[in-house]
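Step one of this worksheet: look at the structure below.
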């Protein structure tokens, strides 16, 4: 498929902004950070929709993780997307890494293990992070077709813009 980035590259590390004509209500007015994109499909996290029904301390309690330090209480939990909505992902700065961390782009990584939540609760996690439940996923060619149909605008992203 010919549509990827302006240079024909895949869109990992880019932002997708839902266009006004976005037909899928799950993504209306959404901004998605693309964590991975290749010939098999794409995966990203919605970064601008907070879930008001759960707090970070409540999420930790559900997972059996000790309550966070007082300075960590205000972390927001985001709606990352409609796929696997009970699974957590942390989009974060590269000052944290473990064997499950995916380094997406300069200054930006994503980790989907409980370890990172434990480290954040202790105040020892990454300096910058966005916690999301669920993710946005596209099968092969689907994202490209949505871009061609003017569903998404894509643009460069970096750690300063994200965090």
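Residue numbers (my numbering): 392 to 554. From the three backbone atoms N, C-alpha and C, an ideal C-beta is built for every residue, glycine too. Fair warning: this is a prediction, and the values are worked out from it, not measured in the lab.
Reduced DSSP secondary structure (H/G/I, E/B, other) of residue i
i: residue 429; result: strand
i: residue 445; result: coil
i: residue 415; result: coil
i: residue 393; result: Residue confidence for residue 393 is low, a pLDDT of 43 falling below 50, so the modelled location carries little weight and cannot support an answer.
i: residue 517; result: coil
Residue i, buried or exposed, once every other Cβ within 10 Å from all chains shown has been counted against 16
i: residue 460; result: exposed
i: residue 441; result: exposed
i: residue 450; result: buried
i: residue 428; result: buried
i: residue 445; result: exposed
i: residue 520; result: buried
i: residue 454; result: exposed
i: residue 514; result: exposed
i: residue 421; result: buried
i: residue 483; result: buried
i: residue 553; result: buried
Beta-bridge partners of residue i, as assigned by DSSP
i: residue 530; result: 432
i: residue 522; result: 468, 481
i: residue 496; result: 499
i: residue 547; result: 405
i: residue 423; result: 407, 437
Spatially closest choice to residue i from the options, by CA coordinates
i: residue 525; options: 402, 468, 544; result: 468
i: residue 496; options: 417, 543, 455, 549; result: 549
i: residue 499; options: 472, 505, 463, 488; result: 488
i: residue 518; options: 409, 412, 551; result: 551
i: residue 436; options: 478, 542, 485; result: 478
i: residue 418; options: 407, 428, 482; result: 407
i: residue 430; options: 421, 447, 403; result: 403
i: residue 476; options: 433, 528, 456; result: 528
i: residue 433; options: 540, 533, 547; result: 533
i: residue 425; options: 541, 540, 535, 539; result: 535
i: residue 466; options: 541, 473, 448; result: 448
i: residue 503; options: 491, 456, 413; result: 491
Margin query: My parser needs the alpha helix (DSSP H) runs of 4 or more residues fully inside the region 469 to 493; what are they?
Written below: none
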